[in-house]
């Protein structure tokens, strides 16, 4: 595969976290054991190698704790590998945590400016897209209210609306589409289909296997921190259901 055709290149990547335990709870324990913090290194992902082509729509599947969300966070560079590297080629936007980057005391409109600027848009570009963002979110009535007054579904609507309007070439999504009412989930799904058909690169972490089969042309099954299977969505999902139910 030619280098210019690759959107995301994960090269021999391992991720470990240091976990502390037996933390002293009383003042006496803290004084006696002040320099004896016990910790261990826990490997979450182990020697991952994969390439995602430009224009692919890929699902990362696996049971809770398998490492798929960690892999997505590594792709966004929120966290970094312990070993190996991840290269991305193209402007990237992500929906990993509900309302991440939003300030609770700012209004919805102010947060659009703030959030879109994080994605690299100028004030002029944001203003040009403002009506489309607000319209898609269906929050016209609430857009000038502080974000802290929003429900989780309203947060999701605004976050998704901003993310799809920043003209990114790579879109990373982690289960966020499970939030909100059925009408808006359907609307988001239709928008993702549209983005897929416009040759955007999309990587989704989801447990919604039927939706994945409709949307994604490839699935990567992460099992105990390793790639267990990588291939056509229908085949990978079928095998995953056999093993994990």
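In this note's numbering, the protein residues as written are 39 to 283.
Where a beta carbon is used, it is the ideal one built from N, C-alpha and C, also for glycine.
Keep in mind the model is a prediction, meaning the values are calculated, not measured.
Distance between residue 198 and residue 130 (C-alpha atoms, nearest Å): When rounded, the separation of the alpha-carbon atoms in residue 130 and residue 198 is 14 Å.
Residue 96 beta carbon less than 9 Å from that of residue 282: no
Alpha-carbon to alpha-carbon, residue 205 and residue 82: 32 Å
Other residues of its chain near residue 145: CB distance less than 8 Å, five sequence neighbours each side excluded: Cβ contact annotation for residue 145 (same chain, cutoff 8 Å, sequence separation greater than five): 181, 182, 183, 184 and 185, in chain order.
Limits of the alpha helix (DSSP H) - the one that residue 186 falls within: Segment: none, residue 186 is in no alpha helix (DSSP H) and carries neither H nor E.
Simplified DSSP assignment, three categories, for residue 232: helix
Residue 154 classed as buried or exposed, judged by whether at least 16 other C-beta atoms fall within 10 angstroms: buried
Terminal residues of the beta strand (DSSP E) in which residue 121 lies: 121-126
DSSP state of residue 280 mapped onto helix, strand, coil: helix
Own chain residues within Cβ distance below 6 Å of residue 134, not counting five before or after: 212
Residue from 80, 168, 43 and 46 with nearest C-alpha to residue 57: Comparing Cα positions, the closest option is 80.
Given 8 Å, three or more beta-carbon pairs between the segment 102-114 and the segment 171-181: no
7 Å CB neighbourhood of residue 87 in its chain, flanking five on each side removed: 48, 49 and 50
Proximal residues to residue 43 (C-beta, below 8 Å), its chain only, five neighbours per side dropped: Here the set comprises 91 and 92.
Contacts around residue 53, its chain only, beta-carbon distance under 7 Å, and the 5 residues preceding and following it disregarded: 82, 83, 108, 112, 119 and 120
Cα-Cα separation, residue 224 to residue 250: Taken atom to atom, the span from the alpha-carbon of residue 224 to that of residue 250 is near 13 Å.
For residue 169, the nearest candidate out of 200, 160, 188 and 143 (CA to CA): Closest by alpha carbon: 200.
Rounded Cβ spacing between residue 234 and residue 240 (contact assumed at less than 8 Å): 6 Å
Cβ-Cβ distance between residue 196 and residue 171 below 9 Å: yes
Alpha-carbon spacing of residue 149 relative to residue 192, whole angstroms: 13 Å
Residue 200, enclosing alpha helix (DSSP H) - first and last residue: 190-201
heavy atom of the ligand GTP below 8 Å from residue 199 C-beta: With respect to small molecules bound, the structure shown includes none, and the ligand GTP cannot be examined in it.
Buried or exposed by the 16-neighbour rule on C-beta atoms within 10 Å, applied to residue 55: exposed
Residue 118, DSSP secondary structure in three states: coil
Residue 237 versus residue 208: straight-line alpha-carbon distance, rounded: 10 Å
Residue 94 versus residue 246: straight-line alpha-carbon distance, rounded: 19 Å
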